[in-house]
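Heads up, the sequence shown is in the UniProt record's numbering, so the first residue is 1 and it goes up one at a time.
Virtual Cβ for every residue (Gly too), placed ideally from N, Cα, C.
Bear in mind the structure is a predicted one, so any value in this text is a computation, not a measurement.
Down below is the structure, laid out as structure tokens.
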Amino acid sequence: MAALNSRTKSSNAHKSKLNVRRNQEGAMSSKKGKAKENPTKSPSKHTVLQAPPTTSWDGKETPWEWASITSPTASRVPPIFTKDGSYFFSLVGSSVQIRSTATGQVVSTLKAPSSQSSSNSQPNAFSCAVVNPHNPFQLITGSLSGCLMIWDFLDGSLLRTVDITQPIHLICAHEQFKDYVFVAASRPSKNAKQDQNAVIMRVSLQNVDASTNSTSQRSAEVLAVGKTRSPTGLAISPNGAWLVATAGHKAYVAKTSALTAGFTKYVSPERLTCLAFHPSEEYFATGDDKGVIRLWYCLNDELAVNAKGVEKKTQTSSMHWHAHAVSTLAFTTNGAYLLSGGEEAVLVIWQLHTGRKEFVPRVGSAINTVSVAKSKTGEEEYLLGLADATYIFVNAGSLKISRSYSRVKIDPNVYIHDPSPSKMAKTPLAVHSLSSTLLLPSSHPSSLQVYSPSTSTLVSELEISPSNRVSRREDKPVDHSRVERCVVSPSGLWMATVDVRDNDDDFRAEVYLKFWSWDEKNVVWVLNTRIDRPHADKPITSLAFSPEHTEDTPLQLVTTGGDGVVKVWRLRSRKVKNEGREEFWVTRTTLKYHTEKPRSVSWSQDASLLAISFESCVVVYETLVYAVIQTLTSAECTNPQNAQFIGGRSLLVTGRTQLVLWDILTHTVSWHQSTPREIQSVALHPSGSSFAVFENIDSNDTRTTRISIFTLQSQKPAQVFTLPFILRSQTWYPGTADPSQFSFLGINQSWNLVAFGDSINLAEEDNSAKELATDSTARRPTLLQDIFGSSAFVDLTNISTPESTQHQVLSSSKSPEEIFESPAYLTPAINTFFDSLVDTFLRKRLTESEPPPIATSQMDVDEDSEMEGEEPQMTTTVLARTVTSSEMNYLVGLFRKHTIQDRTPSSHATKLNDKVANGRDSSAPSRQPPSKVLPNGTSHKSKQSAAVASDESSDASSSSSPILVNGRKRKKP
Numbered sequence: 001m002a003a004l005n006s007r008t009k010s011s012n013a014h015k016s017k018l019n020v021r022r023n024q025e026g027a028m029s030s031k032k033g034k035a036k037e038n039p040t041k042s043p044s045k046h047t048v049l050q051a052p053p054t055t056s057w058d059g060k061e062t063p064w065e066w067a068s069i070t071s072p073t074a075s076r077v078p079p080i081f082t083k084d085g086s087y088f089f090s091l092v093g094s095s096v097q098i099r100s101t102a103t104g105q106v107v108s109t110l111k112a113p114s115s116q117s118s119s120n121s122q123p124n125a126f127s128c129a130v131v132n133p134h135n136p137f138q139l140i141t142g143s144l145s146g147c148l149m150i151w152d153f154l155d156g157s158l159l160r161t162v163d164i165t166q167p168i169h170l171i172c173a174h175e176q177f178k179d180y181v182f183v184a185a186s187r188p189s190k191n192a193k194q195d196q197n198a199v200i201m202r203v204s205l206q207n208v209d210a211s212t213n214s215t216s217q218r219s220a221e222v223l224a225v226g227k228t229r230s231p232t233g234l235a236i237s238p239n240g241a242w243l244v245a246t247a248g249h250k251a252y253v254a255k256t257s258a259l260t261a262g263f264t265k266y267v268s269p270e271r272l273t274c275l276a277f278h279p280s281e282e283y284f285a286t287g288d289d290k291g292v293i294r295l296w297y298c299l300n301d302e303l304a305v306n307a308k309g310v311e312k313k314t315q316t317s318s319m320h321w322h323a324h325a326v327s328t329l330a331f332t333t334n335g336a337y338l339l340s341g342g343e344e345a346v347l348v349i350w351q352l353h354t355g356r357k358e359f360v361p362r363v364g365s366a367i368n369t370v371s372v373a374k375s376k377t378g379e380e381e382y383l384l385g386l387a388d389a390t391y392i393f394v395n396a397g398s399l400k401i402s403r404s405y406s407r408v409k410i411d412p413n414v415y416i417h418d419p420s421p422s423k424m425a426k427t428p429l430a431v432h433s434l435s436s437t438l439l440l441p442s443s444h445p446s447s448l449q450v451y452s453p454s455t456s457t458l459v460s461e462l463e464i465s466p467s468n469r470v471s472r473r474e475d476k477p478v479d480h481s482r483v484e485r486c487v488v489s490p491s492g493l494w495m496a497t498v499d500v501r502d503n504d505d506d507f508r509a510e511v512y513l514k515f516w517s518w519d520e521k522n523v524v525w526v527l528n529t530r531i532d533r534p535h536a537d538k539p540i541t542s543l544a545f546s547p548e549h550t551e552d553t554p555l556q557l558v559t560t561g562g563d564g565v566v567k568v569w570r571l572r573s574r575k576v577k578n579e580g581r582e583e584f585w586v587t588r589t590t591l592k593y594h595t596e597k598p599r600s601v602s603w604s605q606d607a608s609l610l611a612i613s614f615e616s617c618v619v620v621y622e623t624l625v626y627a628v629i630q631t632l633t634s635a636e637c638t639n640p641q642n643a644q645f646i647g648g649r650s651l652l653v654t655g656r657t658q659l660v661l662w663d664i665l666t667h668t669v670s671w672h673q674s675t676p677r678e679i680q681s682v683a684l685h686p687s688g689s690s691f692a693v694f695e696n697i698d699s700n701d702t703r704t705t706r707i708s709i710f711t712l713q714s715q716k717p718a719q720v721f722t723l724p725f726i727l728r729s730q731t732w733y734p735g736t737a738d739p740s741q742f743s744f745l746g747i748n749q750s751w752n753l754v755a756f757g758d759s760i761n762l763a764e765e766d767n768s769a770k771e772l773a774t775d776s777t778a779r780r781p782t783l784l785q786d787i788f789g790s791s792a793f794v795d796l797t798n799i800s801t802p803e804s805t806q807h808q809v810l811s812s813s814k815s816p817e818e819i820f821e822s823p824a825y826l827t828p829a830i831n832t833f834f835d836s837l838v839d840t841f842l843r844k845r846l847t848e849s850e851p852p853p854i855a856t857s858q859m860d861v862d863e864d865s866e867m868e869g870e871e872p873q874m875t876t877t878v879l880a881r882t883v884t885s886s887e888m889n890y891l892v893g894l895f896r897k898h899t900i901q902d903r904t905p906s907s908h909a910t911k912l913n914d915k916v917a918n919g920r921d922s923s924a925p926s927r928q929p930p931s932k933v934l935p936n937g938t939s940h941k942s943k944q945s946a947a948v949a950s951d952e953s954s955d956a957s958s959s960s961s962p963i964l965v966n967g968r969k970r971k972k973p
């Protein structure tokens, strides 16, 4: 049916082409570039579009619904772990995300109150955080708005706010200073050059007296310790005696017992970038922008506490491996190792006593932060915070990456610090329909990442152009190969990418057009064809796949280049011996229109027409032999930027500020419209009845995007929406149930992936504050459980019956014999699982028939007959019998009475044992069948033993079951 419809459309299109050619032949006398007659009657091959008078629209602007799928901006604050290591805190803008250590999912989010946050998240963003040393369930955060907030993260509630009216950059606390924290805050100044200065203060977490001002949030006490340059580190020694800050080329040291004396400055040869205190000894480590790590041994009583502003030098030891600046430092909990990371994307583990180092290379991106914590199993782990907002856990024993958590990985620094920011004006963004994924830039410009918006998961990363991840040679950035364009065929089976690298002193310019095929079995993209320099050394300005293809019309791709050439690529196949058919891409046609350079390309819905916009006109080709059908020019749109087929019979031509809708069949202008600002892009609705026009408003005060919704029937916009950011790129995403609604995904100027439109239906992280279920979390094993095992210390309150314990003990082993292989001190008492253990050894024997009945002649013997002096006769067959549970209970009682309890035999039991022993020689072999065990633990071995049992044992006479001896009833006394 699809092929039939395609052929029908193709035939109709060819008929319309024939009509166009006949009209062109009848109007050969018309001059080129002019239309003397009505174009509806005699259109020429070069048609001049006559448009009605333009009208400016004035619609009401409505804020459009939008949501940030993820924020790629990584925090420079190391993640902070809870005391039990189950969760860690991550600062993201004006919120604190509480993530699970095991799964990486956001379980709760602490958001700043509305009075403390605004639309501009940067000035009010959280900049630092620390766990309250006197209450491990409280988190203290500092923000750039100048507020300290104390949170109860278990309940997700804000307890108190302390405002110091200065932007807070760093914070630290110690148990010796209850209700106090040390902060590094910016100093307000009218001089822009002094904005980098800061002041170190001790701030009280208590507000001023409520009786004087009930609404005040000011701190009850603020003590200034000293001034510094822009601070990069602030920490207190483990014993609480020293306060150290790093800024510029100096390390500032102060005694906490004499804060009014101020700082003593120690000079560093390079600018310091990070700070870390040793967990047990009194020295600290710093990293600088040249990659050198220094250990400072200046914390002693000889510190000149009374000399303010004194600059000194002290004894230090240095370690150097990093080629670039050291971003972060952290000591292990035992203080034997020092961890460092930086731009090289390598974690370095330094052994302090020997100077040896180990590496965890190629972690994926530059390392911003390193944190040390113990996992639930008791092993130490290193948590790396990467520049692309990815968290990676490294096992301390194996130095292997155990797990990683990431969503969209975009490192804005890679693009912002690019020597030519205009290179990233074209941001690749495409939707793959078969896997419902999104292809967008990754943390490295030469790669693309595959992201699933419906599940909010990062599926994979596709390296388009292999390149070195280290970005600088000394101080000169390396020009990476970057992906500029990415398009996916309508069927989803093919993808085309363009990666470019400009020429420099060492390399020439490189331009590659690559075709990727979709491997449905392995769910990956596979490189199929690479074409070097498709348009010489000129860039590719646009590319587009043809619509759905058939056997008669193979799939094609059109590219336009800066060399003024349009190339058509087609998919071909050939038979390969023992491998089936091989598909590859080749050049089909090369087009050129005078000396003008092409700008964009568009296919009709049935792939029968091709519209290419040049510098001064739009040329329409038919795709059988690629002959020119029509050349369109317009006085209102003299510089067309783009042309797209829409609605089956219309062509939308876009200029800088003009929109022209042209009817292909009648060769007339349907309507013309001007926009107040420059048009950035146009997105067509899949239904083909409407489209959206995007305009960026970038001024000193506002940076917004205006979206106007147009229909084919009117030149005035139906609706006008606004977004509070500028878009770098956007694409249509089918995320709404209503097909008439608009739904888009885009990347804004801050490199955030956002969803916007009439309806947003995407899986998002939990951004609300929730109570943490501490009781349900897994607890670490205790010391006794590590020694004796957890089974020996089970919660007895959860055990309902002894049988449940028996089955639990037996089910822990694969076979009953393995129970005895474990050490005795790890095994519970035997009386707790004795019955279940015996049942595993004694199995029931299955018999084909029931046991034969006992002879009646033997049962009818005279009860008064004399039994003495007769030897027992075997009159029945010895059969296998099943041991009942009551008999086993008697046996257990025997063990408990005589073995486990270890009691001294009574005189009654001694007489009984002597009489039983005198009745029969225990050494003689016995051929009798198993005898029945009496409740008191004795058995009938002979007539004498039976008599003794009847005289001495009172329990035997009270037994309700009849007692048989050799198949005969015992004579009643």
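- With fewer than 16 other Cβ atoms inside 10 Å of its own Cβ, Ile830 counts as exposed.
- For Val498, the secondary structure class from DSSP, reduced to helix, strand or coil, is strand.
- Around the beta-carbon of Val586, fewer than 16 other beta-carbon atoms lie within 10 Å, marking it exposed.
- Inclusion of Arg271 and Gly240 in the CB contact set at 8 Å is not warranted, their separation being larger than that value.
- Per DSSP, Asn889 is one residue of the alpha helix (DSSP H) stretching across Ser885 to Phe895.
- Minimum Cα-Cα distance from Pro79 among the listed residues Tyr391, Glu221, Gly142 and Ser204 corresponds to Tyr391.
- Annotated three-state conformation of Ala323 is coil, per DSSP.
- In this structure, His685 sits near Phe742, with a CB-CB distance shorter than 8 Å.
- Fully contained in the segment 616-694 are the following beta strand (DSSP E) runs of length 3 or more, in chain order: 618-622, 627-634, 642-646, 650-654, 658-663, 668-674 and 679-684.
- DSSP links Thr705 through a beta bridge to Asn696 and Leu723.
- Using a 10 angstroms sphere on the CB of Phe694, the tally of other CB atoms reaches 16 or more, which defines it as buried.
- Under the 10 Å beta carbon count, Pro534 is surrounded by 16 or more other beta carbons and is classified as buried.
- Contact fails between the segment 502-522 and the segment 572-582, because fewer than three Cβ pairs, one in each stretch, are under 8 Å apart.
- Listed as beta-bridge partners of Val601 by DSSP are Ile612.
- Under DSSP, Leu513 shares a beta bridge with Val498 and Ile531.
- If you draw a straight line from the Cα of Leu745 to the Cα of Lys409, it comes to about 16 Å.
- Ranked by Cα distance from Leu753, the options Ile69, Cys617 and Thr62 are led by Ile69.
- Looking at the backbone, the Cα of Ala718 and that of Phe507 are separated by about 51 Å.
- Secondary-structure assignment with DSSP links Trp151 through a beta bridge to Leu139 and Leu158.
- In summary, Asn700 is exposed, with fewer than 16 beta-carbon neighbours lying within 10 Å of its beta-carbon over all protein chains present.
- In the DSSP annotation of this structure, the continuous segment of the alpha helix (DSSP H) that includes Ser836 starts and ends at Phe834 to Phe841.
- Within the DSSP secondary-structure output, Cys298 pairs in no beta bridge.
- Per DSSP, reduced to three states, the secondary structure at Ile830 is helical.
- Taking 8 Å as the cut-off, the beta carbon of Ile171 is found no closer than this to the beta carbon of Gly146.
- Where Ile98 is concerned, the enclosing beta strand (DSSP E) starts and stops at Ser95 to Ser100.
- DSSP places Leu440 within a strand segment (E or B) once states are collapsed to three.
- The Cβ-Cβ distance between Ser467 and Ser446 falls below 8 Å.
- If you check the CB distance, Thr328 and Glu380 do not come in under 8 Å.
- Judged by pairs of C-beta atoms under 8 Å, the segment 699-713 does not touch the segment 389-406, as fewer than three such pairs exist.
- Collapsing the DSSP output to three states places Thr560 in a strand.
- Around the Cβ of Glu311, a 10 Å sphere holds fewer than 16 other Cβ atoms; the residue is exposed.
- With a cutoff of 8 Å on beta-carbon distance, Glu484 and Lys426 are scored as near each other.
- Here Ala536 is exposed. Its C-beta has fewer than 16 other C-beta atoms within 10 Å.
- Here the alpha carbons of Thr704 and Leu234 stand approximately 38 Å from one another.
- At the C-beta level, Gln97 and Ser86 stay beyond 8 Å of one another.
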